[in-house]
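Report on the structure given below.
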Amino acid sequence: MVTVGRLELGAISIVLVTLIVTSPVVGILDVTERNPTTVGDGTATASVERLDTDALTIDRGRFGTRVMYLRIPEATVAVTDVRGRPRIVYRIRVPELGVDTTSTELLKSASPTSVRLGPRDRGLDPAAVSDENYHGIVTVRVQSFERDRTVYETNETIEVDR
Amino acid sequence: MSGERVREFVTDARSHQLSGDLDRYLTAAGRVVFGDRTGAMIWLGVVLVLGLGWRVGFFITDTYPIANAVANLADGRLTMQSADFQYSLTLGTQPGLHRYDGAYYARNYGAVAAAVPILWLLEAFSFVAAPRLVLAAAWSLGVLLLCGELARRLDQPALRVVGGVVAVVAVLGAAVFATELGQSQLALAALQLSTLFAAGLAAVLCYRLASALHGRRVGVVAGIGLALATPIGFWATIPKRHVLVTALVFASVYAFTRSRQLSGRRGDLSLATAYGMLGLVAWVHAFEGFFLTVSLFVVDVLTEPRKGKRRMAVVAGVFGLSLLPMVVTNVLISGNPLLPPRLLPNVGPGGVELAPDGPSDAGGGDSGSGNSNGAAGGGGLVQLLSPLLGLFTFAELVFSELLFIGNYALETVTDGLRVSQEADRLWNVFVRRGYYEYSGRLAVNDFEVIDLTVLESTPVVGTLVALPAVLVVWLRDGVGSLGRLSPGRQSDLLVVTYVGVLTLVYLPRLPLFSQLTVRYLLPAIALLAYCVVRVPIVRAAIDDAPRLLTTVYAGTVVLGTILFVVVLGGLDPGLGEAVQAHALVNLAAATVLGLTVTVGTIAPNRIPSRVVAAALAAAGGVTTSYVFLASLEYFAYGQYAFDLVRVVARYVWIL
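Chains A and B, in that order, give the protein sequences.
Mapping to the numbering used here: the first sequence position 68 is 68, numbers consecutive.
Mapping to the numbering used here: the second sequence position 100 is 262, numbers consecutive.
Take a look at the structure:
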């Protein structure tokens with residue numbers, strides 16, 4: 001019969017064995033190699049599945065924040081043929097307000113076919129937002145050390161909703 | 163028996179005795195720090211839970227010079243040159259970097275020193291195993307230990323199975339999702355671990371303090387509450403000095419309280435420890451240490467005007483010893499024992515808080531070679547007297563420094579008193595912040611309104627709205643003899659003084675940007691949170707309805723967090739909006755709690771204990787919720803120490 005004590009001993013053994021197996025000294029298994037965190041060489045085919053540019057607006061902050069916010073819509077990008085370690089870059093620029101914000105997602109061979117990118121809304125100085133609308137540029141790129149390809153680019157007029 | 167056998171026997175006995183001694187010493191050391199097994203388990207539990215939110219990275223740029231100092235000090239270097247910077251290579255990105263005599267120094271060396279042994283340990287383990295897996299394995303073994311002990315205490319053997327399963331999942335998950343944790347990150351990791359451990363210690367000391375006055379149950383609630391239901395949880399793995407100072411302040415209050423409960427040698431040692439902890443605070447932040455020591459001295463003399471010679475000798479001896487680390491550090495850096503690195507010329511960007519402007523020219527200035535110059539070119543008599551003259555110069559230096567510090571202290575307190583009458587400022591520091599024009603510098607944080615007030619960040623403190631009512635009831639019921647305060651009341655007096663002084667000296671600098679939870683006041687806020695269990699009807703609620711308290715707390719944490727994720731996720735807020743939404747919810751919880759406790763104190767029969775317990779638990783629960791979401795979602799920097807958390811956090815999508 002398996003007692004609770006044995007179960008605990010088993011757990012301790014698994015912990016220790018994992019530690020030994022993954023040890024760089026023993027060198028059986030390099031676990032960190034499979035989970036890169038930085039962009040490398042590579043390519044991928046990508047196309048924007050969903051990006052609601054109408055949702056790109058400027059409005060007033062809620063919950064007593066009283067600043068202005070540039071609301072940035074989520075982008076869903078369909079990705080296939082991932083080779084190496086490229087990444088998707090979703091970039092929004094509003095030059096007149098000094099906004100240049102990006103959201104990136106590293107692609108690995110096991111990546112899903114659909115990648116969701118949601119940059120945070122961007123806080124703006126309420127005193128700086130004086131116009132009725134602003135000009136914004138939205139791009140989506142596949143980027144790696146090897147190449148940098150723009151798969152989506154659009155110019156948008158961003159309405160200010162006070 | 164042959165001679166050989168006898169020798170073997172003796173060696174054996176000796177080694178047995180040695181290991182027995184070691185065991186005894188370890189047990190004694192554990193008892194000094196944790197008090198009992200419960201204390202040790204609280205520490206472990208707090209470290210394991212708050213460790214989950216740990217991101218290895220720099221949250222605030224002030225951490226760069228400290229982390230650089232940790233890396234260098236661990237290699238045996240106190241002075242740093244530009245080439246020695248491991249993190250952030252330029253000067254402009256390291257606020258709090260100081261320069262003296264051509265070398266660079268960080269500050270808060272007490273905090274630096276606390277991280278060095280942890281770094282050595284991490285480095286030692288990393289020789290034989292992957293650092294990422296070392297952390298995961300340690301976490302898993304900790305869970306096993308904690309669950310084993312809880313199973314025994316609560317008589318729930320199933321908990322051991324749960325512990326085993328969680329431990330295995332954690333370590334295997336770590337192996338599957340492991341990302342690189344480089345050797346160069348270890349100094350930062352050690353620094354973060356040091357504050358995480360300090361958060362655990364603060365909880366333990368709060369537990370011991372509350373237990374000493376009200377027994378174990380109230381103690382456990384106070385200890386765990388301090389870690390999870392106050393900003394201590396928020397700052398646990400953000401390695402600023404505040405959590406460490408908080409732990410030392412709690413140690414001081416606890417030791418002081420014990421000194422009033424114990425007699426004889428143990429009482430003397432306790433009182434000495436109360437002072438000694440402040441000597442260590444001075445090593446972390448000289449001026450906080452100074453203000454706290456003066457406060458303790460005043461309260462100590464007021465409540466115990468007459469002391470035996472032995473008591474005074476022990477206190478003076480221990481306090482003197484506790485100042486040594488700071489004095490030695492200062493002498494090694496500038497040659498002046500009373501010139502902390504904080505006062506050396508600042509080369510990083512930004513100002514220095516709670517320190518006089520500029521280098522301390524008004525005091526002794528730099529005096530690295532003060533002694534040797536005295537005797538130069540003198541005659542025989544002068545040479546004979548030169549050690550004395552040296553001593554004299556030294557005394558003069560110390561005196562002028564003390565004068566300088568005294569002047570500065572007076573100025574600071576006057577400033578604090580002056581601004582404490584500005585209602586607008588108090589409102590923005592203690593009650594509601596939101597968008598606050600006068601704090602300026604909103605651009606620093608990209609116009610995200612991420613700062614909370616004392617009440618918004620620690621709603622359990624709302625209880626203290628009832629303080630006037632508590633005082634009235636206390637006076638009505640008869641105070642007892644005012645001349646001879648009970649140990650608990652003396653302890654309260656010290657707590658109130660610490661809170662008052664810490665608040666007063668920082669008030670002129672507040673409200674300030676990037677305070678997040680009014681972090682300058684963190685030790686004061688933590689003490690206020692402890693004060694909650696000093697309110698009689700709160701204690702009654704904890705004693706009468708412990709199960710309800712736990713259930714409501716757990717429910718608020720789980721359901722509240724899910725609700726925040728769903729509702730806020732639907733509203734798709736900006737960072738500042740999300741933080742302010744929490745602020746409003748926390749304020750509401752604080753208001754409900756404050757009202758409940760006030761009415762309950764005035765008319766005890768109107769409000770059942772269960773209602774008070776529920777209000778307290780809800781206020782604590784929403785805070786924990788914020789602490790969790792802050793690290794899971796709102797404040798993204800660096801990489802999670804535990805990769806499994808990263809995998810889970812991907813599904814939390816609010817901003």
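Don't be surprised by glycine CBs; every beta carbon is placed ideally from N, CA and C.
Distance between residue j and residue i (C-alpha atoms, nearest Å)
i: Val328 (chain B); j: His404 (chain B); result: 32 Å
i: Val67 (chain A); j: Ala691 (chain B); result: 32 Å
i: Thr43 (chain A); j: Arg85 (chain A); result: 7 Å
i: Leu647 (chain B); j: Ala702 (chain B); result: 22 Å
i: Asp462 (chain B); j: Val490 (chain B); result: 27 Å
i: Gly429 (chain B); j: Val480 (chain B); result: 13 Å
i: Thr786 (chain B); j: Asp81 (chain A); result: 43 Å
i: Ser531 (chain B); j: Val443 (chain B); result: Confidence at Ser531 (chain B) is low in this model, with a pLDDT of 31, below 50, so the placement of that residue should be treated as unreliable; the coordinate-derived value is given next. Taking the straight line joining both Cα atoms gives about 28 Å.
i: Ala524 (chain B); j: Leu559 (chain B); result: Bear in mind that the predicted position of Ala524 (chain B) carries a pLDDT of just 32, short of 50, making it unreliable; the figure below should be weighed with that in mind. Between Ala524 (chain B) and Leu559 (chain B), the C-alpha separation is close to 11 Å.
i: Gly123 (chain A); j: Ile72 (chain A); result: 11 Å
i: Thr37 (chain A); j: Lys108 (chain A); result: 10 Å
i: Phe359 (chain B); j: Gly387 (chain B); result: 16 Å
i: Thr157 (chain A); j: Thr723 (chain B); result: 37 Å
i: Phe453 (chain B); j: Leu440 (chain B); result: 9 Å
i: Gly219 (chain A); j: Arg595 (chain B); result: The requested residue 219 (chain A) does not occur in the structure, where chain A is confined to residues 1 to 162.
i: Leu16 (chain A); j: Ala299 (chain B); result: 7 Å
i: Pro817 (chain B); j: Ala751 (chain B); result: Reading the sequence as shown, one finds Leu at residue 817 (chain B) and not Pro. Straight-line Cα distance between these residues: approximately 24 Å.
i: Leu633 (chain B); j: Leu210 (chain B); result: 39 Å
i: Ser522 (chain B); j: Val714 (chain B); result: With a pLDDT of 36 at Ser522 (chain B), under the threshold of 50, the predicted position of this residue should be treated as unreliable, though the coordinate-derived value follows. Approximately 53 Å between the Cα atoms of the pair.
i: Gly768 (chain B); j: Leu106 (chain A); result: In the sequence as presented, Gly is not what sits at residue 768 (chain B); that position holds Arg. One C-alpha to the other measures close to 59 Å.
i: Arg50 (chain A); j: Tyr788 (chain B); result: 32 Å
i: Gly118 (chain A); j: Pro735 (chain B); result: 12 Å
i: Thr465 (chain B); j: Ser432 (chain B); result: 15 Å
i: Ser697 (chain B); j: Val761 (chain B); result: At residue 697 (chain B) the sequence reads Val, which differs from the Ser that was named. Approximately 13 Å between the Cα atoms of the pair.
i: Val25 (chain A); j: Pro621 (chain B); result: 50 Å
i: Asn133 (chain A); j: Val94 (chain A); result: 11 Å
i: Arg199 (chain B); j: Leu353 (chain B); result: 26 Å
i: Val476 (chain B); j: Ser425 (chain B); result: 14 Å
i: Asp805 (chain B); j: Leu746 (chain B); result: 32 Å
i: Gly5 (chain A); j: Arg378 (chain B); result: 29 Å
i: Leu19 (chain A); j: Leu253 (chain B); result: 39 Å
i: Tyr262 (chain B); j: Thr241 (chain B); result: 9 Å
Identified DSSP bridge partners for residue i
i: His135 (chain A); result: A:Thr157
i: Leu124 (chain A); result: A:Met68
i: His260 (chain B); result: B:Tyr267 and B:Asn508
i: Glu105 (chain A); result: A:Ile88
i: Ala890 (chain B); result: Since the first residue of chain B shown is 163 and the last is 817, residue 890 (chain B) is not available in this structure.
i: Thr57 (chain A); result: A:Arg71
i: Ser114 (chain A); result: A:Ala78
i: Arg163 (chain A); result: Residue 163 (chain A) is absent from the model: chain A starts at 1 and stops at 162.
i: Arg188 (chain A); result: Residue 188 (chain A) lies beyond the stretch modelled for chain A, which goes from 1 to 162, so this question has no answer here.
i: Asp182 (chain A); result: Lying before the first or after the last residue shown, residue 182 (chain A) is absent from chain A, which here runs from 1 to 162.
is_contact[residue i, chain E] using C-beta, thresh 8 Å
i: Thr157 (chain A); result: The chain inventory of the structure shown lacks chain E, comprising the protein chains A and B.
message = For a minimum of 4 consecutive residues, which ranges assigned as the alpha helix (DSSP H) are wholly contained in the stretch 672–745 of chain B?
response = Along the length of the stretch 672–745 of chain B, whole alpha helix (DSSP H) runs at least 4 residues long occupy 684–693, 698–706 and 708–733, reported in chain order.
key: Residues within the stretch 209–230 of chain B neighbouring chain A, beta-carbon criterion of under 7 Å   = Against chain A - using a Cβ distance shorter than 7 Å - the stretch 209–230 of chain B contributes no residues.
request  = Would you list, in chain order, the members of the stretch 51–72 of chain A that have their beta-carbon closer than 7 Å to a beta-carbon of chain B?
outcome  = Flagged, chain order: Gly61, Arg62, Phe63, Gly64, Thr65, Arg66, Val67 and Tyr69.
inquiry  = Tell me whether the stretch 658–676 of chain B and the stretch 440–458 of chain B touch, counting them as touching only if at least three CB pairs, one residue from each stretch, are closer than 8 Å.
reply    = When C-beta atoms of the stretch 658–676 of chain B are compared with those of the stretch 440–458 of chain B, three or more pairs fall below 8 Å, so the two segments count as touching.
inquiry  = Extract the residue ranges of the alpha helix (DSSP H) inside the stretch 423–504 of chain B, only unbroken runs of 4 or more that lie entirely within it.
reply    = 426–446, 448–465 and 471–496, all fully within the stretch 423–504 of chain B.
ask   = Is there contact here, the stretch 663–675 of chain B with the stretch 365–380 of chain B, by at least three beta-carbon pairs under 8 Å?
value = The count of Cβ pairs closer than 8 Å, one atom from the stretch 663–675 of chain B and one from the stretch 365–380 of chain B, stays below three, leaving the stretches out of contact.
ask   = Which runs of the alpha helix (DSSP H) fall wholly inside the stretch 242–324 of chain B and span at least 4 residues, in chain order?
value = Runs of the alpha helix (DSSP H) lying entirely within the stretch 242–324 of chain B, each at least 4 residues long, are 271–290 and 293–316 in chain order.
task = May I ask you to list, following chain order, the residues of the stretch 332–359 of chain B that have a beta carbon less than 9 Å from some beta carbon of chain A?
result = Within the stretch 332–359 of chain B, those residues whose Cβ lies closer than 9 Å to any Cβ of chain A are, in chain order, Ala332, Val333, Leu334, Ala336, Ala337, Val338, Phe339, Ala340, Thr341, Glu342 and Leu343.
request  = With 7 Å as the limit, tell me which residues of the stretch 26–38 of chain A have their beta carbon closer than that to any beta carbon of chain B; keep them in chain order.
outcome  = Cβ contacts with chain B: Val31, Thr32, Asn35 and Thr37.
query = Using a beta-carbon distance cut-off of less than 7 Å, what residues from the stretch 314–325 of chain B approach chain A?
reply = Taking a C-beta cut-off of 7 Å against chain A, the contacting residues of the stretch 314–325 of chain B are Pro319, Arg322 and Val323, listed in chain order.
Residues from the stretch 606–630 of chain B in contact with chain A, defined by Cβ distance under 7 Å = If the cut-off is 7 Å between Cβ atoms, the stretch 606–630 of chain B has Asp608, Phe609, Glu610 and Val611 near chain A.
Contacting positions in the stretch 569–599 of chain B - beta carbon closer than 7 Å to chain A = The residues in question are Gly596 and Tyr597.
key: Every unbroken alpha helix (DSSP H) within the stretch 744–791 of chain B, with a cutoff of 4 residues, ordered by chain   = Listed in chain order, the complete alpha helix (DSSP H) runs (minimum 4 residues) inside the stretch 744–791 of chain B are 771–791.
Contacting positions in the stretch 357–381 of chain B - beta carbon closer than 8 Å to chain A = For the stretch 357–381 of chain B, which is checked against every Cβ of chain A, not one residue is closer than 8 Å.
ask   = Can you list, in chain order, the stretches of the alpha helix (DSSP H) that have 4 or more residues and sit fully within the stretch 199–238 of chain B?
value = List check, alpha helix (DSSP H) in window: 199–213 and 225–236.
inquiry  = Please identify, using Cβ separations under 7 Å, the residues of the stretch 266–291 of chain B that lie next to chain A, in order along the chain.
reply    = Those would be Val290 and Ala291, in chain order.
Proximal residues, the stretch 93–125 of chain A versus chain B, C-beta separation under 8 Å = Cβ proximity to chain B below 8 Å picks out Gly118, Arg120, Asp121, Arg122, Gly123, Leu124 and Asp125 from the stretch 93–125 of chain A.
key: Chain-ordered residues of the stretch 641–672 of chain B with a beta carbon less than 9 Å from chain A   = Against chain A - using a Cβ distance shorter than 9 Å - the stretch 641–672 of chain B contributes no residues.
ask   = the stretch 737–758 of chain B: which residues have C-beta closer than 7 Å to a C-beta of chain A, in chain order?
value = Within the stretch 737–758 of chain B, the qualifying residues are Leu737, Gly738, Glu739, Gln742, Ala743 and Leu746.
query = Any contact of the stretch 337–354 of chain B with the stretch 225–233 of chain B, i.e. 3+ C-beta pairs under 8 Å?
reply = As far as the Cβ criterion goes, the stretch 337–354 of chain B touches the stretch 225–233 of chain B, which means the pair count is three or higher.
request  = Check each residue of the stretch 7–19 of chain A: if its Cβ is closer than 8 Å to any Cβ of chain B, include it; give the result in chain order.
outcome  = Result list: Leu7, Glu8, Gly10, Ala11, Ile12, Ile14, Val15, Leu16, Thr18 and Leu19.
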